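Numbering (my numbering) for the first sequence: 185 to 756.
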Amino acid sequence: MTTAGTPDEAGLGANRDLPVNFIQDIISNDLKTGKVRSIHTRFPPEPNGYLHIGHAKSICLNFGLAKANNGLCNLRFDDTNPSKEETEFVESIMRDVRWLGFDWDDRLYYASDYFQDCYDWAVQLIKEGKAYVCDLSAEEIRAYRGTLTEPGKDSPYRNRSIEENLDLFERMKNGEFPDGSRVLRAKIDMASPNMNMRDPVLYRIMRATHHRTGDKWCIYPMYDYSHPLGDAKENITHSVCTLEFADHRPLYDWFIENVRPGSEPHQYEFARLNLNYTVMSKRKLRRLVEEGFVNGWDDPRMPTISGLRRRGYTPESIRDFCERIGVAKRDSVVDIGLLEHCIREDLNKKAQRVMAVLKPLKIVLTNYPENQVEWLEIENNPENSAAGSRKVPFGRELYIEQDDFMEVPVKKFFRLFPGGEVRLKGAFIIKCEKVAKDAEGNIVQLYCTYDPDTRSGGPASGRKVKGTLHWVEASHAIPAEVRLYEKLFLVEDPDSDEDGTDFVTKINPNSLQVLNNCLVEPELAEAQVEDRFQFLRHGYFSVDPDSKPGALVFNRIVSLRDSWAKIQKTAQ
RNA sequence: UGGGGUGUAGCCAAGCGGUAAGGCAACGGACUUUGACUCCGUCAUGCGUUGGUUCGAAUCCAUCCACCCCAGCCA
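This is how it looks when you write it as structure tokens:
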């Protein structure tokens with residue numbers, strides 16, 4: 185969906201940027217030929233779970249297509265199955281779509297808005313001899329349907345009189361028959377090579393309280409019947425759905441042709457998003473939540489919109505991702521690395537830099553005056569001078585990262601080691617003079633000296649050393665909890681069941697690592713939930729909702745690219 | 001062995017008869033008070049296969065192969 189300066193052939197405005205994908209091509213052509221005057225799309229989630237990044241692709245596509253073509257996009261809840269749907273989900277879905285940056289204005293609809301229309305149209309189909317009440321059991325219907333290679337056979341109830349069908353259907357509606365005892369079916373073709381055309385079920389009897397219509401109905405329309413009619417009711421022009429519905433298109437068209445609902449929407453299919461190292465099916469996401477593998481739908485490791493939001497992803501980065509992956513009909517698996525690239529790119533421009541020591545190692549500057557603290561000015565974002573600067577305390581006792589010191593440095597290690605020098609970011613060059621250890625031989629503290637002439641911005645600040653470390657001053661440092669996340673699964677394709685194992689066996693046991701002894705610079709004392717920062721040399725972090733004043737909690741959104749880690753890896 | 005859909009680089013993806021865009025990843029190098037960022041360079045004589053049409057084919061035709069979807073009173 186990258187944009188190009190394609191001239192707007194419909195004459196709605198020259199050179200407007202249009203998405204580049206086959207659906208846009210169809211739209212451009214429909215506008216050009218006058219098949220449609222304006223375009224109208226819809227995003228039709230079923231409120232039976234939380235939205236995930238795959239839905240984000242659909243949302244960006246549908247709302248994006250509408251916007252780019254000066255059209256409209258509706259939000260419509262596909263709530264035709266009350267046994268699975270809940271108000272909690274409709275609320276979370278609206279929240280997530282809004283958060284992503286899209287707006288349906290006053291065009292919020294529900295498939296259940298059209299239950300009466302669907303019923304009336306069903307009566308009409310019966311009167312025209314195009315639908316009938318079938319008394320076969322579910323098992324019998326399946327048996328009569330035939331197989332992929334054998335045609336089905338007609339239901340013995342297929343040729344009931346119109347009068348009897350009308351009577352029976354009304355009584356179905358009135359609750360005279362038990363659940364599952366009868367269905368209304370379209371009379372199409374039991375020998376069709378397309379299974380969907382073998383007299384599909386239009387209505388089933390189901391006594392379940394609907395989240396909106398309550399107990400008004402005990403019969404509910406099926407998706408295949410309700411969807412095209414809902415589209416038509418809303419004057420949808422381009423009904424975009426995923427590939428698995430391509431086989432349903434002849435049925436979609438059949439309903440439009442035979443019900444004649446007053447407008448002629450058309451269905452187009454694109455490939456759903458797959459991401460490696462994660463699962464996307466609602467069933468599997470639900471299992472992760474219900475069986476406690478993660479801490480809820482918004483766990484920062486989840487590919488849900490709410491999970492990504494809590495993790496610290498920005499809506500801009502997700503929209504950018506959805507643009508970059510494109511829209512096509514080929515089954516594909518996008519590398520999670522692209523999503524990470526998108527958030528890094530976004531936050532690189534936006535996030536304030538700050539210093540945080542995750543695994544502290546104390547150092548004492550033996551030649552620095554005791555009890556002295558000076559406040560050094562450090563830039564907030566080298567990518568954006570408008571972000572200004574802040575004052576950071578510096579003193580005799582500091583903490584650096586344990587990983588930034590090696591008693592016996594390996595080659596190419598240009599951080600701190602005995603006798604070596606490094607610059608402390610925004611401060612001075614220091615030299616490691618002595619290593620202090622405990623009885624077990626663990627390094628507990630470093631004694632260093634600093635070079636007062638090398639203060640950042642000072643006369644000798646140009647002196648070069650190979651490494652620059654982040655640090656925090658001991659007396660002003662603020663404790664914090666930091667949650668480090670890694671991929672939720674160890675394998676690229678956790679969905680694959682080729683090895684016969686359950687996908688939960690492939691969960692990464694280290695997907696969450698909690699660090700409780702972190703120290704951050706005082707600038708972060710006022711950090712608010714959802715604030716995002718770059719912890720220098722670590723990555724991008726956001727303040728988790730669990731965070732409280734005095735008990736800060738940060739989530740790692742994504743690490744910085746780390747070529748040192750790469751060097752170490754290849755060295756092994 | 002029925003029907004529908006899809007095959008372009010490690011992963012996405014343009015291309016629509018005129019001689020393979022772009023992004024991610026990777027790999028070199030420059031710069032660097034973040035081993036980040038940024039910048040420069042490299043990365044398909046090749047478009048699932050085999051034939052054919054054409055001056056010319058990823059694009060048209062045929063053939064074969066591979067993968068995905070469909071037998072819910074789910075969506």
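Backbone N, C-alpha and C define an ideal beta-carbon position, used for all residues, glycine too. None of these values were measured; they are calculated from a predicted model.
Three-way DSSP call (helix, strand, coil) for residue i in this model
| i | result |
| --- | --- |
| residue 607 | strand |
| residue 451 | strand |
| residue 398 | strand |
| residue 601 | coil |
| residue 633 | strand |
| residue 620 | strand |
| residue 325 | helix |
| residue 222 | coil |
| residue 689 | helix |
| residue 303 | helix |
| residue 615 | strand |
| residue 756 | coil |
| residue 269 | coil |
| residue 697 | strand |
| residue 281 | helix |
| residue 503 | helix |
| residue 217 | helix |
| residue 579 | strand |
| residue 652 | strand |
| residue 710 | helix |
Residue i beta carbon near the ligand PLP (any heavy atom closer than 8 Å)
| i | result |
| --- | --- |
| residue 400 | The ligand content of the structure shown is nil, which means the ligand PLP is not present either. |
Residue environment, residue i, which counts as buried when at least 16 other CB atoms sit within 10 Å
| i | result |
| --- | --- |
| residue 309 | buried |
| residue 287 | exposed |
| residue 748 | exposed |
| residue 740 | buried |
| residue 698 | exposed |
| residue 703 | buried |
| residue 780 | An answer regarding residue 780 cannot be provided, because it is not within the stretch 185 to 756 covered by the chain. |
| residue 206 | exposed |
| residue 249 | buried |
| residue 756 | exposed |
| residue 421 | buried |
| residue 177 | Here the chain has residues from 185 to 756 only, and residue 177 is not among them. |
| residue 191 | With a pLDDT of 34 at residue 191, under the threshold of 50, the predicted position of this residue should be treated as unreliable, though the coordinate-derived value follows. By the 10 Å Cβ count, residue 191 comes out exposed. |
| residue 657 | buried |
| residue 707 | buried |
Residue i to residue j span [Cα, whole Å]
| i | j | result |
| --- | --- | --- |
| residue 549 | residue 727 | 32 Å |
| residue 391 | residue 371 | 25 Å |
| residue 217 | residue 254 | 17 Å |
| residue 668 | residue 270 | 33 Å |
| residue 456 | residue 712 | 36 Å |
| residue 398 | residue 452 | 33 Å |
| residue 623 | residue 716 | 41 Å |
| residue 356 | residue 486 | 42 Å |
| residue 582 | residue 709 | 18 Å |
| residue 349 | residue 239 | 40 Å |
| residue 646 | residue 519 | 42 Å |
| residue 632 | residue 724 | 30 Å |
| residue 731 | residue 427 | 42 Å |
| residue 541 | residue 578 | 14 Å |
| residue 417 | residue 226 | 12 Å |
| residue 433 | residue 654 | 59 Å |
| residue 558 | residue 229 | 57 Å |
| residue 615 | residue 638 | 12 Å |
| residue 746 | residue 236 | 28 Å |
| residue 734 | residue 705 | 13 Å |
| residue 490 | residue 244 | 16 Å |
Paired residues, beta bridge with residue i - DSSP
| i | result |
| --- | --- |
| residue 725 | 717, 740 |
| residue 316 | 369 |
| residue 536 | 717 |
| residue 227 | 259 |
| residue 236 | 488 |
| residue 735 | 732 |
| residue 573 | 563 |
| residue 243 | Note: residue 243 sits in no beta bridge, so no partner. |
| residue 673 | 691 |
| residue 294 | 261 |
Original post:
Enumerated in chain order, which unbroken segments of the beta strand (DSSP E) with a length of 3 residues or greater are wholly contained in the stretch 539–565?
Top reply: List check, beta strand (DSSP E) in window: 544–549, 557–563.
Original post:
Fully enclosed by the stretch 403–476, which beta strand (DSSP E) runs are 3 residues long or longer?
Top reply: Within the stretch 403–476, complete beta strand (DSSP E) segments of at least 3 residues are found at 403–405, 422–426, 450–454, given in chain order.
**OP:** Note down, one range per segment and in chain order, each beta strand (DSSP E) of at least 3 residues found wholly within the stretch 333–389.
**Re:** Within the stretch 333–389, the complete beta strand (DSSP E) runs of at least 3 residues fall at 367–370, 385–389.
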